[in-house]
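Protein chains in written order, with UniProt numbering: chain A, 1 to 110; chain B, 1 to 110. For glycine and all other residues, C-beta sits at the position ideal for the given N, C-alpha and C. For reference, the structure discussed in these notes is given below.
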DNA sequence: GGCACGTGCAAAAGATTATTGGCAGGTGCT
DNA sequence: AGCACCTGCCAATAATCTTTTGCACGTGCC
């Protein structure tokens, strides 16, 4: 994942996702290796519910990916890992991204 | 300005600032050259009040800087220009930044 | 059955952002 | 004086994000 293969809107989404202390810590933790939800929650010292919300946001932004696995003793465990990415942000890169932003005047609701 | 001379908290602030379509357009416009508030508002097609708020946020994040100047005919005009920056975001860079995040358990209110 | 693990989801409350509209001030020109 | 520019700020609303609490479901083991 790279700066210029994202649309302006997607880039905004990714940046918004990164701009949160919890999610930054989650990403940091996963950068050290894959992990499953409950364990990750314990390591970060936050509730599982809260972590889930953040993980979903990270996943939607494409920054992490999940795999549901069965442990040896038969428990369903969801492992997350970081998607490698490399965003290079400069005024020029942002100017280019801005060109592909959705015009607020023709946004359609579902 | 670079990724690793920011604290984790500052980085979160910068990312949050960038993660907005209006601000991205403002930055894009200023990347093409300095400009003053009213003119910029006209070019972007947004209200001056709204632009001001976004410019302040950009300035607080250190992404733009302002200069108050007097035009030839005596009018006070505030010119903004982009601060050159180059943020390189990777899982590793974020992991490093996460180490300097403020612990939510010892935040003090004013 | 009762625990100790794992998962998921959703409603509600709290906190923060985004946006508008109005009003203040200033200059110079006719 | 009245108009056309420039600036700044604030109060109120609307919209969005964050966090908690509680419930549901599953497994294996004593």
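In this structure, the CA atom of residue 28/B is about 20 Å from the CA atom of residue 77/B.
Taking each of 75/A, 101/A, 49/A, 55/A in turn and checking the Cα distance to residue 24/A, the smallest one comes out for 55/A.
Under the Cβ criterion of 8 Å, residue 53/B is not counted among the residues facing chain A. Residue-level contact by beta carbon fails for residue 7/A and chain B, as no gap is shorter than 8 Å. When 7 Å is used as the limit between beta carbons, residue 82/A is near these residues of chain B: 91, in chain order. In chain B, no part has a C-beta under 8 Å from the C-beta of residue 1/A; the shortest such distance is about 10 Å. As DSSP reads the structure, residue 64/A sits in a beta bridge with 82/A.
In the structure shown, residue 76/B adopts extended strand secondary structure according to DSSP, grouped into three states. Here residue 79/A is not near residue 1/A, since their CB atoms are 8 Å or more apart. Listed along the chain, the chain A residues whose CB falls inside 9 Å of the CB of residue 27/B are 91, 94, 95, 98.
A contact is defined here as three or more CB-CB pairs under 8 Å, and the segment 34-50 of chain B fails this definition with respect to the segment 2-15 of chain B.
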